[in-house]
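Notes for the one structure printed next.
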Amino acid sequence: MAKTVSIDEYRGLIGQHLGTSEWVTVDQAMIDKFADATGDHQFIHVDIEKAKLTPFGGTIAHGFLTLSLLPLLNQLTDMPRVGGIKMGVNYGSNRLRFLAPVRAGKRVRGHFKLLEFDEKRPGQCQQTTEVTVEIEGEDKPALIAEWIGQFFV
28 MAKTVSIDEY RGLIGQHLGT SEWVTVDQAM IDKFADATGD HQFIHVDIEK
78 AKLTPFGGTI AHGFLTLSLL PLLNQLTDMP RVGGIKMGVN YGSNRLRFLA
128 PVRAGKRVRG HFKLLEFDEK RPGQCQQTTE VTVEIEGEDK PALIAEWIGQ
178 FFV
C-alpha cells in the first residue's frame, strides 16, 4: 500500500528513487489494440510472419505504446502519494528516448525517480519524474523519459 505524504514531505524526496512498478506483459493482443487505436499497422507490429524475418525475430510494441504504459506502471508502484489529490494531468515531457524494442510477450516495469517538484500556485503542483522502463531479461531499457505531471489538491 502506498504511503500518503504531505506536499512538504514529497518535496523532500527530490533526487530519490520513488519506487518500482510490478511487471506488465506486453502481449500481441495489446499491440494489436494499440495499432487499431492509432492507425499504425506497420508490419513490424502486427504481422507475425513478416516480423519474424526482421532482426527482431517477431513483432514489437510501438514505442508510443510503451510510453502510454507510464500511468499504469505509476499506479502499480507503492511509491509515496501526496494526500488529498483531487485530479492529476499529464503535462508533457522534457526528454524521451526509445532505447530498445519491446518484443511481443515480454514484460516491462517502471522505475521512478523524482527530479523536480514545484507548487505552481496553492493547490496546484508540478513534478518531473525520470521513468526508466525496464524489459525483463534485457540489458537496455525500452525507454527513459522525463515525465511532467500536474496534480491538484
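Just add 27 to the spot in the sequence shown (first one is 1) and you have the working numbering. Backbone N, C-alpha and C fix where the C-beta goes; we use that ideal spot for every residue, glycine too.
Which stretch, first to last residue, makes up the beta strand (DSSP E) that contains residue i?
i, result
"T155", "151-162"
"T47", "44-47"
"T52", "51-53"
Are residue i and residue j close, meaning C-beta to C-beta below 8 Å?
i, j, result
"L141", "Q151", "no"
"L177", "G110", "Looking at the sequence shown, residue 177 is not Leu but Gln. No. Outside cutoff."
"H68", "H89", "no"
Mind checking which residues open and close the alpha helix (DSSP H) that includes residue i?
i, result
"H72", "70-73"
"D35", "34-38"
"P168", "Counting along the chain, P168 falls outside any alpha helix (DSSP H), and DSSP gives it neither H nor E."
"P98", "97-102"
For residue i, which beta-bridge partners are listed by DSSP?
i, result
"I87", "R130"
"N117", "G176"
"G137", "V160"
Closer than 7 Å: is that where the CB of residue i sits relative to any heavy atom of the ligand ADP?
i, result
"F178", "As far as ligands go, the structure on display features none, and thus does not contain the ligand ADP."
With a 10 Å radius around its C-beta and 16 neighbouring C-beta atoms as the bar for buried, classify residue i as buried or exposed.
i, result
"P98", "exposed"
"T93", "buried"
Exercise for review: Would you check if there are 3 or more beta carbon pairs closer than 8 Å linking the segment 85-92 to the segment 106-120?
Suggested key: Contact between the segment 85-92 and the segment 106-120 is not established, with fewer than three Cβ pairs separated by less than 8 Å.
Review point. Below 8 Å, can you find three or more Cβ-Cβ pairs linking the segment 41-58 to the segment 135-149?
Key: A contact exists between the segment 41-58 and the segment 135-149.
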